[in-house]
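Peer 1: Top line first, the protein sequences correspond to chains A and B. So the first sequence is numbered by my numbering: it starts at 1 and just counts up by one. So the second sequence is numbered by my numbering: it starts at 264 and just counts up by one. Let me begin by handing over the structure; questions about it come next.
2 protein chains.
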Amino acid sequence: MVEPKKKVVLIGAGNLGTQLAKALNRSKHDLVQICSQNETSAKLIAQKLPYTSYGSVKDIEQDADIYIIATNDASIAKVARDLSLGNKMVVHTSGTVDMKVLRPASSRIGVLYPVQTFTRDINVDFKNIPLCLEANSVTALTMLKHFARPLSNNLYEIDSNKRKTIHLAAVFVNNFTNHMYSIAHALLSENNSSLDILRPLITETARKVNENIPEKMQTGPATRGDHDTMLAHIKLLEGHKDYQEIYKLLSQSIIHSTITNNK
Amino acid sequence: MVEPKKKVVLIGAGNLGTQLAKALNRSKHDLVQICSQNETSAKLIAQKLPYTSYGSVKDIEQDADIYIIATNDASIAKVARDLSLGNKMVVHTSGTVDMKVLRPASSRIGVLYPVQTFTRDINVDFKNIPLCLEANSVTALTMLKHFARPLSNNLYEIDSNKRKTIHLAAVFVNNFTNHMYSIAHALLSENNSSLDILRPLITETARKVNENIPEKMQTGPATRGDHDTMLAHIKLLEGHKDYQEIYKLLSQSIIHSTITNNK
């Protein structure tokens, strides 16, 4: 299978843009330019890469093969309206934005949504990141798959509707889970205890569902119907009405799921 | 430092009991007996260990050095009332139960609470598990530390009050986090998608807080105040009123934390 090297322009220099630039640089593709509303951010990334220029969207290179819009969701449609790229492939990287907002930019459009959380300074191995691919024609999808293969070993064909549900589910396992860690950290800090005492538990909780179904891994007072412990916990949370509400609602939901799963 | 080998009796043959028996067997201590209300469970564990007998609490060995009550929380006080062990060390393993419920059993009592989630058939490396230790005298605490050192490299001296908060925080990072995974799994299943697409994200979310403070790792629509995406998600959850409530409450809590942390 021939997977020809592509000339890539990346638009967006935030957390995802930074990590994507690094992954493109490690792949055999040519990242020729990074564009950003914030030229300083684009410059900071481009300067670390050997063959990459930077600029604003109005100075965009016209002769690349693929244009990746990795800006925040709210800017994607605006960026697309500012581009006029004929039939060059234009994709965005969002979990929620519809593919069709890219129509003003090109006749060949698609989505490359990496299901991962990105922080500017924390490097991730792109090879393991699931990439959800979508395009507006069979030819475009084939081209996008060939392009994505050197980036990741986990490619999925996912339409816009499915992608939105995956993004929503990702909010639960990432954003909401991280908030559970933050609440725990706040409770421990008040108590002069370190989060270190919970870090092995955090790791093990995630590790278990790598090979198991989460419903089967559920433990704790709610799932075993231990009302005394739940009442003691609710009492302990007297000073935090917001955490108390969260405790009650999630415990109810676990109790409900336990009953439903055991039916 | 001399850490003499101890003769141990383990009471309880559930998830924690099973894993603790394996850890004791790997340590230099002598697990002489496993007692359980359910003799079959005790037998199943004991048969796999070379020098361990099994029985019910009424047949308990009288000449061990330390007795570990690893039953469910509700049974600890009852087991303690059934024992009469003079000044032999008696400890329980619960995150929530007060140490003093052990008083009927012995004059030397304590707690050895492992901050981890246990499943009967999933082996864990006890060496990395934080153990919270408490005892009713300096001598008893010293003895308990010496006993626990071959089991784990993470020993903490924690009193009953602090231990209760740690257990509560553990509910957030384990039970509630796992429920987030379950909700994501339910949403994906309805959509004919596999949880595999989120597993790298689950792993990375946990990995990040191994070296970082969770508040600094928060991403997503709530923390960046992206109301359009939150409204779209709430709409997507129309068919699941319970998940919708959870989405709203956790998003509000993240928004509130973001404002507080940025003050």
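We put the beta carbon where it would ideally sit given N, CA and C, even for glycine. Computed from a predicted model, the values in this text were never measured in an experiment.
1) Starting from the beta carbon of B/SER300, find every residue of chain A whose beta carbon is closer than 9 Å, and list them in chain order.
2) Just the chain A side, please: which residues come within less than 9 Å of B/THR428 by C-beta, in chain order?
3) Among residues of its own chain, excluding the 5 on either side of B/ALA243, which ones have a beta-carbon nearer than 7 Å to its beta-carbon?
4) Can we say the stretch 12–30 of chain A touches the stretch 121–137 of chain A, given the rule of at least three CB pairs closer than 8 Å?
5) Under three-state DSSP, which class holds B/SER514?
6) With A/ALA170 and B/LEU461 assumed to form a contact (beta carbons below 8 Å), what rounded beta-carbon distance in angstroms separates them?
7) Buried or exposed for B/GLN379, going by 16 or more other Cβ atoms inside 10 Å?
8) Give me the Cα-Cα distance between A/VAL8 and B/PHE435, rounded to the nearest whole angstrom.
9) If I follow the unbroken beta strand (DSSP E) through A/GLU157, where does it start and stop?
10) Return the chain-ordered list of same chain residues with a C-beta closer than 8 Å to the C-beta of A/LYS164, the five sequence neighbours on each side being excluded.
11) Can you give me the Cβ contacts of B/LYS351 inside the same chain, cut-off strictly under 8 Å, excluding the 5 residues immediately before and after it?
12) Bridge partners for A/ARG108 per DSSP, in chain order?
13) Among A/ASN136, A/ASP226, A/SER27 and A/GLU245, which residue has its Cα nearest to the Cα of A/LYS100?
14) Does the beta-carbon of A/GLU204 have 16 or more other beta-carbons within 10 angstroms, so that it is buried, or is it exposed?
15) Could you check whether the stretch 243–258 of chain A touches the stretch 440–456 of chain B, counting it as contact only if at least three pairs of C-beta atoms, one from each stretch, sit closer than 8 Å?
16) From B/VAL354 to B/LEU294, what does the alpha carbon distance come to, in whole angstroms?
17) Taking beta-carbon pairs under 9 Å, can you tell me which members of the stretch 502–519 of chain B lie near chain C?
18) For B/LYS306, does the three-state DSSP call read helix, strand or coil?
19) In this structure, does DSSP put A/ASP301 in helix, strand or coil?
20) For A/HIS185 and B/LYS268, what's the separation of their Cα atoms in angstroms?
21) Does the beta-carbon distance from B/MET493 to B/SER514 come in below 8 Å?
22) Return the chain-ordered list of same chain residues with a C-beta closer than 6 Å to the C-beta of B/PRO377, the five sequence neighbours on each side being excluded.
23) Cutting at 7 Å between CB atoms, please list the residues of its own chain near A/ARG120, excluding the five before and the five after it.
24) Is the Cβ-Cβ distance between A/ILE166 and A/LEU133 less than 8 Å?
Peer 2: In short:
1) As a working mapping, residue 300 of chain B is identified with position 37 in the second sequence. Note that residue 300 of chain B is Gln in the sequence shown here, rather than Ser. Under the 9 Å cutoff, chain A gives no residues; its nearest Cβ is about 16 Å from B/GLN300.
2) Counting from 1 along the second sequence, the entry for residue 428 of chain B is found at position 165. Under the 9 Å cutoff, chain A gives LEU187, LEU188, GLU190, ASN191, SER193 and LEU236.
3) Here chain B has residues from 264 to 526 only, and residue 243 of chain B is not among them.
4) yes
5) On the second sequence, residue 514 of chain B is found 251 positions in, with the first residue counted as 1. B/SER514 falls in the helix class under three-state DSSP.
6) As a first step, residue 170 of chain A is located in the first sequence; it is residue number 170 there, counting from the start. As a first step, residue 461 of chain B is located in the second sequence; it is residue number 198 there, counting from the start. Going by Cβ atoms, the distance from A/ALA170 to B/LEU461 rounds to 6 Å, so yes, they are a contact pair.
7) The residue you call residue 379 of chain B lines up with position 116 of the second sequence. By the 10 Å Cβ count, B/GLN379 comes out buried.
8) In the first sequence, residue 8 of chain A corresponds to position 8, counting from 1. In the second sequence, residue 435 of chain B corresponds to position 172, counting from 1. Distance between the alpha carbons of A/VAL8 and B/PHE435: 43 Å.
9) Against the first sequence, residue 157 of chain A aligns to sequence position 157. A/GLU157 -> beta strand (DSSP E) spans 154–157.
10) Locating residue 164 of chain A in the first sequence gives position 164, where the first residue counts as 1. Counting only Cβ-Cβ distances below 8 Å, and skipping sequence neighbours, we find GLY95 and THR96.
11) Mapped onto the second sequence, residue 351 of chain B falls at position 88. Excluding positions up to five away in sequence, the list reads ALA327, ASP328, ILE329, TYR330, SER369 and ARG371.
12) The count along the first sequence starts at 1 and reaches residue 108 of chain A at position 108. For A/ARG108, which the question treats as bridged, DSSP gives the partners A/MET89.
13) By 1-based counting over the first sequence, the position of residue 100 of chain A is 100. Ranking A/ASN136, A/ASP226, A/SER27 and A/GLU245 by Cα distance to A/LYS100 puts A/ASN136 first.
14) The residue labelled residue 204 of chain A in the question sits at position 204 within the first sequence. Buried.
15) yes
16) Sequence index remark: in the second sequence, residue 354 of chain B carries index 91 (1-based). Sequence index remark: in the second sequence, residue 294 of chain B carries index 31 (1-based). Spanning the two alpha carbons is a distance of roughly 15 Å.
17) As a matter of chain content, chain C is missing from the structure shown, whose protein chains are A and B.
18) Numbered from 1 along the second sequence, position 43 holds the residue referred to as residue 306 of chain B. Here B/LYS306 sits in helix by DSSP.
19) For chain A, the structure presents residues 1 to 263; residue 301 of chain A sits outside this window and is missing.
20) Position 185 of the first sequence, counted from the first residue, corresponds to residue 185 of chain A. Position 5 of the second sequence, counted from the first residue, corresponds to residue 268 of chain B. Spanning the two alpha carbons is a distance of roughly 37 Å.
21) Within the second sequence, residue 493 of chain B is the residue found at index 230, counting from 1. Within the second sequence, residue 514 of chain B is the residue found at index 251, counting from 1. The answer is yes: Cβ separation under 8 Å.
22) One-based indexing of the second sequence puts residue 377 of chain B at position 114. Within the same chain, B/PRO377 has close Cβ partners ILE392 and LEU394.
23) Position 120 of the first sequence, counted from the start, is the residue given in the question as residue 120 of chain A. Once the five neighbours on either side are set aside, the close Cβ partners of A/ARG120 are ASN15 and THR18.
24) Numbered from its first residue, the first sequence carries residue 166 of chain A at position 166. Numbered from its first residue, the first sequence carries residue 133 of chain A at position 133. Not a contact, by the Cβ cut-off of 8 Å.
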